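Report on one structure; see the data block that follows.
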Amino acid sequence: MTSLNSVTREGKQTKSALNQLRHEGKIPAVVYGYGAENTSVYVAEKEFGKVIREVGRNGVIELNVDSQPVKVMVSDYQVNPLKNQITHIDFLAINMKAELTVDVTVTLIGEAAGAAEGGVVQQPLFTVSVTATPDDIPETIEVDVTSLNIGDVVTVGDLRTGRNFTINNEDDETVVSVVPPTVEEPAEDAEEGTEEAAEDQAEGNEEQTEEKAE
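Position one of the sequence shown corresponds to residue 1 (UniProt numbering), numbered consecutively onward.
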């Protein structure tokens with residue numbers, strides 16, 4: 001299991017103190033949950049980034065708190081959008097035998113056969129709600145679309161077979177579909193319409209001229 005070191009934050013946590021930590025490349029965080037007291041800590045920004053790349057958003061981390069290992073998941077985090085920097089993390093201490101409900105990303109794999117015929121691949125569902133014990137929570141759910149032709153649809157119900165976790169979404173929710181290409185009006189018809197409009201305009205101008213002459 002991937003581990004991450006943390007340091008307990010002591011004293012009053014003022015805004016300036018927290019900003020100083022961030023300036024030093026450290027992320028303020030809090031640990032709470034199963035068997036853990038609410039504890040304010042900080043972790044090294046670079047180390048946290050490395051761990052998340054390794055275990056994924058829903059991965060289990062062994063967080064060392066005061067030299068005691070605590071199994072946690074990232075419950076939430078805040079980001080400074082201007083600096084694209086994580087500014088705070090919530091670590092949830094977990095019971096490895098108890099089920100959790102989290103959102104898991106749906107990833108499409110391959111190129112749909114229908115796309116080669118002009119079909120358009122549409123993915124209306126990018127995440128699904130999953131319930132499982134921490135060890136069984138997938139980092140992502142992959143959907144192979146290579147065999148999909150125009151008109152084919154994959155629903156949530158199609159994803160349930162052979163899983164060691166529960167997907168909480170409704171069976172009939174569409175995950176991905178291949179729809180026919182949009183049919184554009186032929187150029188010939190468009191030209192004919194332009195010519196007809198020009199003729200109508202010319203006729204109208206002639207009628208106005210005749211009326212004035214009378």
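Note that the Cβ used here is the ideal one computed from N, Cα and C, for glycine as well. These numbers were taken from a predicted model, which means no experiment stands behind them.
Host beta strand (DSSP E) of residue i (start-end)
i           : result
residue 64  : 61-65
residue 26  : 26-33
residue 38  : 36-44
residue 3   : 3-5
residue 108 : 100-109
Nearest-angstrom beta carbon gap, residue j and residue i [assumed within contact, 8 Å]
i           : j           : result
residue 34  : residue 93  : 5 Å
residue 4   : residue 51  : 5 Å
residue 143 : residue 121 : Wrong, their Cβ atoms sit about 11 Å apart, outside the cutoff.
residue 13  : residue 40  : 6 Å
C-beta contact flag for residue i and residue j at 7 Å
i           : j           : result
residue 90  : residue 67  : no
residue 2   : residue 55  : yes
residue 155 : residue 131 : no
residue 61  : residue 70  : no
residue 136 : residue 157 : no
residue 215 : residue 140 : Within the shown structure, residues of the chain are numbered from 1 to 214, placing residue 215 beyond reach of any answer.
residue 127 : residue 161 : no
residue 95  : residue 129 : no
residue 150 : residue 119 : yes
residue 182 : residue 153 : no
residue 63  : residue 147 : no
Which residues DSSP lists as bridging residue i, in chain order
i           : result
residue 166 : 131
residue 91  : 31, 74
residue 177 : 122, 153
residue 68  : 65
residue 142 : 107
residue 79  : 86
residue 8   : 41
For residue i, the first and last residue of its enclosing alpha helix (DSSP H)
i          : result
residue 58 : It is not in any alpha helix (DSSP H) - residue 58 carries neither H nor E in the DSSP assignment.
residue 21 : 15-23
Residue-level contact to chain B via CB, residue i, 7 Å cutoff
i           : result
residue 103 : The structure shown contains no chain B; it holds only a single protein chain.
heavy atom of the ligand GTP below 6 Å from residue i C-beta
i         : result
residue 4 : The ligand GTP is not part of this structure, which contains no ligands at all.
Item to check | Stretch-stretch touch, CB-based, cutoff 8 Å, three pairs: the region 168-179 with the region 106-117 | outcome: yes
Item to check | Cβ contact (3+ pairs, closer than 8 Å) linking the region 101-112 and the region 20-29 | outcome: no
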